[in-house]
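Below is one structure; the comments refer to it alone.
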Amino acid sequence: MATKMTTAILPYAIEETIWPTITTLTQETKDLLALFYTLADDAGPDAGPRMAKDVFSSHGTVRAATGVYEGAEAISNSRATAWTQVSARRHTIQRVYVHDDVAQDLMALGTVEMVLRNGDSRVSKFAARLVINAESHAAKQPRLNLMEVFPAPS
Numbered sequence: 276m277a278t279k280m281t282t283a284i285l286p287y288a289i290e291e292t293i294w295p296t297i298t299t300l301t302q303e304t305k306d307l308l309a310l311f312y313t314l315a316d317d318a319g320p321d322a323g324p325r326m327a328k329d330v331f332s333s334h335g336t337v338r339a340a341t342g343v344y345e346g347a348e349a350i351s352n353s354r355a356t357a358w359t360q361v362s363a364r365r366h367t368i369q370r371v372y373v374h375d376d377v378a379q380d381l382m383a384l385g386t387v388e389m390v391l392r393n394g395d396s397r398v399s400k401f402a403a404r405l406v407i408n409a410e411s412h413a414a415k416q417p418r419l420n421l422m423e424v425f426p427a428p429s
């Protein structure tokens with residue numbers, strides 16, 4: 276049974292996340308993850324353009340089950356068909372791991388709850404690799420160079 280989905284404002288996607296203890300993720304990085312998943316759950320027309328502008332670097336890449344989207348224009352347009360079969364979506368991140376000592380290469384484990392247009396509900400687990408652009412990270416305005424999603428088998 277899926278839990279009730281809302282269009283809550285940040286940071287519902289990360290409110291129960293277990294963060295790495297070996298290094299500290301900046302609040303800006305946590306906010307970036309929250310923004311990405313909040314926009315991924317937003318069916319509004321501004322979600323794609325905001326994702327391209329506020330989440331990704333100008334040359335960012337998204338690799339997901341729906342395809343590969345490279346650059347701001349492709350990422351902006353990637354949300355256009357995200358809601359053809361889905362009427363509601365809610366991502367939550369349970370845990371984040373770091374690969375490097377500056378916390379720019381991350382792995383997130385999460386769950387997505389979806390209500391399909393035919394009325395069915397689905398809950399799926401996933402992993403996602405997130406690579407933060409070094410310049411934006413240093414400027415404390417992180418943007419993603421890469422978001423690569425690995426859905427768990429159904």
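In case it helps, my numbering puts the sequence shown at residues 276 to 429.
Every residue gets a Cβ at the ideal spot worked out from N, C-alpha and C, and that includes glycine.
If you're wondering where the values come from, they're calculated on a predicted model, not measured in any experiment.
At what residues does the beta strand (DSSP E) containing Arg325 begin and finish?
Not the beta strand (DSSP E): Arg325 falls in the alpha helix (DSSP H), residues 322-325.
Under the rule that 16 or more other beta-carbon atoms within 10 Å means buried, what is Pro417, buried or exposed?
Buried is the call here.
If we require 4 or more residues per run, which alpha helix (DSSP H) segments fall completely within the segment 281-311?
Complete alpha helix (DSSP H) runs here, min 4: none at all.
Taking only runs of the beta strand (DSSP E) that begin and end inside the segment 319-397, which ones reach a length of at least 3 residues, in chain order?
With a minimum length of 3 residues, the continuous beta strand (DSSP E) runs that stay inside the segment 319-397 are 331-339, 342-345, 361-373, 380-391.
Assuming the contact rule is C-beta atoms closer than 8 Å, Leu419 and Ser353 should be a hit. Round their C-beta distance to whole Å, please.
Not quite, the Cβ-Cβ distance comes to about 13 Å (not below 8 Å), so this is no contact.
Using the DSSP secondary-structure output, state which residues sit across from Lys400 in a beta bridge.
When beta bridges are read from the DSSP output, Lys400 appears opposite Thr386.
For Glu410 and Lys400, the rounded distance between their alpha carbons:
If I take the Cα positions, the gap works out to 31 Å.
Residues in the same chain with beta-carbon distance under 6 Å from Arg397, minus the five sequence neighbours each way, listed in chain order, please.
The answer, listed in chain order, is Met389.
Can you find a CB in chain C that lies within less than 8 Å of the CB of Glu290?
Here there is only one protein chain, and chain C is not present.
Which residue or residues does DSSP assign as beta-bridge partners of Glu423?
Its beta-bridge partners are Arg338, Arg404.
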